[in-house]
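As given, the protein sequences belong to chains Z and F, one line each in that order. Using my numbering, read the first sequence as starting at 635 and increasing by one per residue. Using my numbering, read the second sequence as starting at 635 and increasing by one per residue. For reference, the structure is listed below as structure tokens.
Protein chains: 2
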Amino acid sequence: MSENEKLTEERIFEAAEIVFEEEGLTGARMQTIADRAGINKALLHYYFRTKDHLFEAVFTKLAQKMFMKFTPIFEKDLSLEEKIKFFFREHITFMQHNPKLPGFILNEINHNPQRIQKLIKNIEFRNLWLTILDQHKDELYKYNITEETLPQIMTTIASLSVFPFAAKGILEVIFENLGVDFDKYIELRKEFAADFVIKAITK
Amino acid sequence: MSENEKLTEERIFEAAEIVFEEEGLTGARMQTIADRAGINKALLHYYFRTKDHLFEAVFTKLAQKMFMKFTPIFEKDLSLEEKIKFFFREHITFMQHNPKLPGFILNEINHNPQRIQKLIKNIEFRNLWLTILDQHKDELYKYNITEETLPQIMTTIASLSVFPFAAKGILEVIFENLGVDFDKYIELRKEFAADFVIKAITK
DNA sequence: CCTATTTTTGACCATTCGGTTAAACTTTAT
DNA sequence: ATAAAGTTTAACCGAATGGTCAAAAATAGG
Numbered sequence: 635m636s637e638n639e640k641l642t643e644e645r646i647f648e649a650a651e652i653v654f655e656e657e658g659l660t661g662a663r664m665q666t667i668a669d670r671a672g673i674n675k676a677l678l679h680y681y682f683r684t685k686d687h688l689f690e691a692v693f694t695k696l697a698q699k700m701f702m703k704f705t706p707i708f709e710k711d712l713s714l715e716e717k718i719k720f721f722f723r724e725h726i727t728f729m730q731h732n733p734k735l736p737g738f739i740l741n742e743i744n745h746n747p748q749r750i751q752k753l754i755k756n757i758e759f760r761n762l763w764l765t766i767l768d769q770h771k772d773e774l775y776k777y778n779i780t781e782e783t784l785p786q787i788m789t790t791i792a793s794l795s796v797f798p799f800a801a802k803g804i805l806e807v808i809f810e811n812l813g814v815d816f817d818k819y820i821e822l823r824k825e826f827a828a829d830f831v832i833k834a835i836t837k
Numbered sequence: 635m636s637e638n639e640k641l642t643e644e645r646i647f648e649a650a651e652i653v654f655e656e657e658g659l660t661g662a663r664m665q666t667i668a669d670r671a672g673i674n675k676a677l678l679h680y681y682f683r684t685k686d687h688l689f690e691a692v693f694t695k696l697a698q699k700m701f702m703k704f705t706p707i708f709e710k711d712l713s714l715e716e717k718i719k720f721f722f723r724e725h726i727t728f729m730q731h732n733p734k735l736p737g738f739i740l741n742e743i744n745h746n747p748q749r750i751q752k753l754i755k756n757i758e759f760r761n762l763w764l765t766i767l768d769q770h771k772d773e774l775y776k777y778n779i780t781e782e783t784l785p786q787i788m789t790t791i792a793s794l795s796v797f798p799f800a801a802k803g804i805l806e807v808i809f810e811n812l813g814v815d816f817d818k819y820i821e822l823r824k825e826f827a828a829d830f831v832i833k834a835i836t837k
């Protein structure tokens, strides 16, 4: 039954997403995934031949979820400031629902950079780059942003939204010491980060 | 011979640092560490009883190297702006020599937050916190920084310096696409990040 | 030089882990 | 109803892995 098959494959995939995200490629166990999906371990290998196949599938989906979803924001027809505000709001909200995703992706790429190579080429950062340079020519000039500082600003924007989640484990411990609530901090960050960047780039 | 013993234990430890930093706790193999140290695997267990013992020792040392070394900067007798400039210069230079350290630490803490708990309590972030609040009372007022936004600013500073290294794997691939050189980008970042922060917090 | 102690090794062990196989069970089509 | 095809399982396999052990080699002390 194709309905049932879809269900089983989907159950496996969802279980794999959770386990890989939590334990990483090397830490994850096929048995754990099978248990979580409520099936026999052999069935894992029936649907996804090897651990690497399964991981590849999961990783590709999660990475696309992370990258593909948010690069289009910068291609919209908005002012630079509006894009920045929009990005932080959407991106941080997304990570509130997927808090372990950033750490997982960063870690796996660091451990195996060539795996992502094709995937990232697909995302066409070059186009995004050119779009920004073209679409905001006058704004960039107004903000005194050169082609040399643009990478700095782009990575800065990424930093501000991703880092709190990539460092969630530490921050929660430190914050506890200071009486700061992580969730409130994150909620506040959506606006703070946008204002911070805009303030910094405004002459 | 205590001289020789020191040498062997040190060789093991250094090998372990490299392997753990590169492969993570779950990815690292005792055999790999033994090979790298040029000794028998049994000798590993003679000096450090279990993999967890060895990892604990390595992790504690590396984490202290990362945290302990730079929190004192904020206790020095400098203006806030000077501290910010000083921090970025020192911290980024340190990570240029230990580029894999940030990713390693973030990842291991996320995978096992309670391991770091005691370690982080030792660093006394609370003191650092109070020192800043006290020492820069007038400057904070001048910059319009409240007790609510201070966590945002502190984590922002950490973000800007740590993230490029935690995300090194991705950035190198993206940069290659754009004709940007990672090392030059990092060198530039020392000043850029400091200026960026100062610009953002200045009224 | 001889003995006691410490360091180092090779061989080995138990368990875990990714993966396979053959058979049972289900579904589909005729 | 029945055969063919697809799905699921229990049992099993070989390699890898963390860890142990007893004996050998090196070192230190008298």
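Ideal Cβ positions, reconstructed from N, Cα and C, are used throughout, including at glycine.
When DSSP labels each residue in this structure, what does SER795 of chain Z get in the three-state scheme?
In this structure, SER795 of chain Z counts as helix in the three-state DSSP scheme.
Along chain Z, which residues have their Cβ under 9 angstroms away from the Cβ of ASN761 of chain F?
Chain Z residues near ASN761 of chain F: none, gap ~10 angstroms exceeds 9 angstroms.
Thinking C-alpha only, which one of F:ASN756, F:LEU774, F:GLU810 is nearest ALA697 of chain F?
When only C-alpha atoms are compared, the closest one is F:ASN756.
Evaluate the contact criterion for the segment 745-759 of chain F versus the segment 809-818 of chain F: three or more CB pairs, one atom per stretch, below 8 angstroms.
The segment 745-759 of chain F vs the segment 809-818 of chain F: no contact.
Check whether the segment 674-682 of chain F and the segment 719-729 of chain F touch, using three or more Cβ-Cβ pairs below 8 angstroms as the test.
No, they do not touch.
With a Cβ-Cβ cutoff of 8 angstroms, do ASN736 of chain F and PHE689 of chain F count as a contact?
At residue 736 of chain F the sequence reads Pro, which differs from the Asn that was named. No, these two residues do not count as a Cβ contact at 8 angstroms.
What does the alpha-carbon distance come out to for the pair TYR777 of chain F and ILE832 of chain Z?
Between TYR777 of chain F and ILE832 of chain Z, the C-alpha separation is close to 16 angstroms.
Out of curiosity, what's the CA-to-CA distance linking GLY658 of chain Z and VAL796 of chain F?
Their Cα atoms are separated by approximately 21 angstroms.
Considering just the uninterrupted stretch of the alpha helix (DSSP H) at LEU822 of chain F, what are its terminal residues?
In the DSSP assignment, LEU822 of chain F falls within the unbroken alpha helix (DSSP H) covering 816-835.
Looking at C-alpha atoms only, which residue of Z:ALA792, Z:ILE754, Z:PHE654, Z:LEU740 is the closest neighbour of ASP866 of chain Z?
Summary: the structure shown does not reach residue 866 of chain Z, with chain Z confined to residues 635 through 837, and so no result is reported for it.
Below 8 angstroms between beta carbons: does that hold for ILE646 of chain F and LEU678 of chain F?
LEU678 of chain F is positioned such that its CB atom lies closer than 8 angstroms to that of ILE646 of chain F.
Could you check where the alpha helix (DSSP H) with ASN744 of chain F kicks off and where it finishes?
Start and end: 735-745.
contact_flag[the segment 723-737 of chain F, the segment 800-807 of chain F] where n(CB pairs < 8 angstroms) is 3 or more
Touching, yes, given that three or more Cβ pairs across the two stretches are closer than 8 angstroms.
Here's the rule: buried if 16 or more other CB atoms are within 10 angstroms of the residue's CB, otherwise exposed. What is PRO785 of chain Z?
So PRO785 of chain Z ends up on the buried side.
Where MET635 of chain F and ARG670 of chain F are concerned, what is the direct C-alpha to C-alpha distance, given to the nearest angstrom?
Since pLDDT at MET635 of chain F reaches only 42, below the 50 mark, its modelled position is unreliable, and no value is offered.
Once the 5 residues before and after GLU709 of chain Z are set aside, which same chain residues still bring their CB inside 6 angstroms of it?
Cβ contact annotation for GLU709 of chain Z (same chain, cutoff 6 angstroms, sequence separation greater than five): THR765, in chain order.
Distance between LYS771 of chain Z and GLU742 of chain F (C-alpha atoms, nearest Å):
GLU742 of chain F and LYS771 of chain Z have their C-alpha atoms some 42 angstroms from each other.
Mind reading off the beta-carbon distance from LEU763 of chain Z to LEU822 of chain F? Whole number of angstroms is fine, and I expect it under 8 angstroms.
Correcting the residue type first, residue 763 of chain Z is Trp in the shown sequence and not Leu. So it is not a contact: roughly 17 angstroms between Cβ atoms.
Helix, strand or coil: which one does DSSP assign to PHE720 of chain F?
PHE720 of chain F falls in the helix class under three-state DSSP.
Pull out every residue of the segment 721-737 of chain Z whose Cβ sits closer than 8 angstroms to any Cβ of chain F, in chain order.
Hits within the stretch, in order: LYS734, GLY737.
Among F:LEU794, F:THR780, F:PHE759, which has the Cα closest to the Cα of GLU806 of chain Z?
The shortest C-alpha separation from GLU806 of chain Z is found at F:PHE759.
Between the CA atoms of PHE830 of chain Z and PHE790 of chain F - distance to the nearest angstrom
Sequence inspection shows Thr at residue 790 of chain F; the Phe mentioned does not correspond to that position. Looking at the backbone, the Cα of THR790 of chain F and that of PHE830 of chain Z are separated by about 9 angstroms.
Quick check on the burial criterion: 16 or more other C-beta atoms within 10 angstroms. Buried or exposed for LYS837 of chain Z?
Counting Cβ neighbours within 10 Å, LYS837 of chain Z comes out exposed, since fewer than 16 surround it.
If you follow the alpha helix (DSSP H) that GLY803 of chain F is in, where does it begin and where does it stop?
Segment 802-812, the alpha helix (DSSP H) holding GLY803 of chain F.
Interface positions of the segment 705-719 of chain F facing chain Z (Cβ-Cβ less than 9 angstroms), listed along the chain:
The residues in question: there are none.
Mind checking if GLN665 of chain F is an interface residue toward chain Z, Cβ cutoff 8 angstroms exclusive?
So, not an interface residue.
Is DSSP giving PHE682 of chain Z helix, strand or coil here?
Coil.
Please list the partners that GLN769 of chain Z has in chain F, where partner means a Cβ-to-Cβ separation under 7 angstroms.
Listed along chain F, no residue sits closer than 7 angstroms to GLN769 of chain Z by beta-carbon distance, the nearest being about 16 angstroms off.
LYS703 of chain F: first and last residue of the uninterrupted alpha helix (DSSP H) it sits in
No alpha helix (DSSP H) contains LYS703 of chain F, which DSSP labels as neither H nor E.
Starting from ALA668 of chain F, follow the alpha helix (DSSP H) in both directions and report where the run begins and ends.
Start and end: 664-671.
Closest to ASN715 of chain F by CA distance: which of F:PHE738, F:LEU740, F:ILE787, F:ALA662 is it?
According to the sequence shown, residue 715 of chain F is Glu rather than Asn. For the residues F:PHE738, F:LEU740, F:ILE787, F:ALA662, the minimum Cα distance to GLU715 of chain F belongs to F:ILE787.
Does DSSP put ILE726 of chain Z in a helix, in a strand, or in coil?
ILE726 of chain Z carries a helical assignment under DSSP once its states are collapsed to helix, strand and coil.
Any beta carbon of chain Z sitting closer than 8 angstroms to that of LYS699 of chain F?
Judged by the 8 angstroms Cβ criterion, LYS699 of chain F is not in contact with chain Z.
Chain Z residues whose Cβ lies nearer than 9 angstroms to that of PHE826 of chain F
Here the neighbours are THR783, GLN786, ILE787, THR790.
Cα-Cα separation between ALA662 of chain Z and LEU740 of chain F, rounded to whole angstroms
The alpha-carbon atoms of ALA662 of chain Z and LEU740 of chain F are separated by roughly 18 angstroms.
In this structure, how does DSSP classify GLU758 of chain Z when only helix, strand and coil are distinguished?
Looking at GLU758 of chain Z - three-state DSSP - the assignment turns out to be coil, as it is neither helix nor strand.
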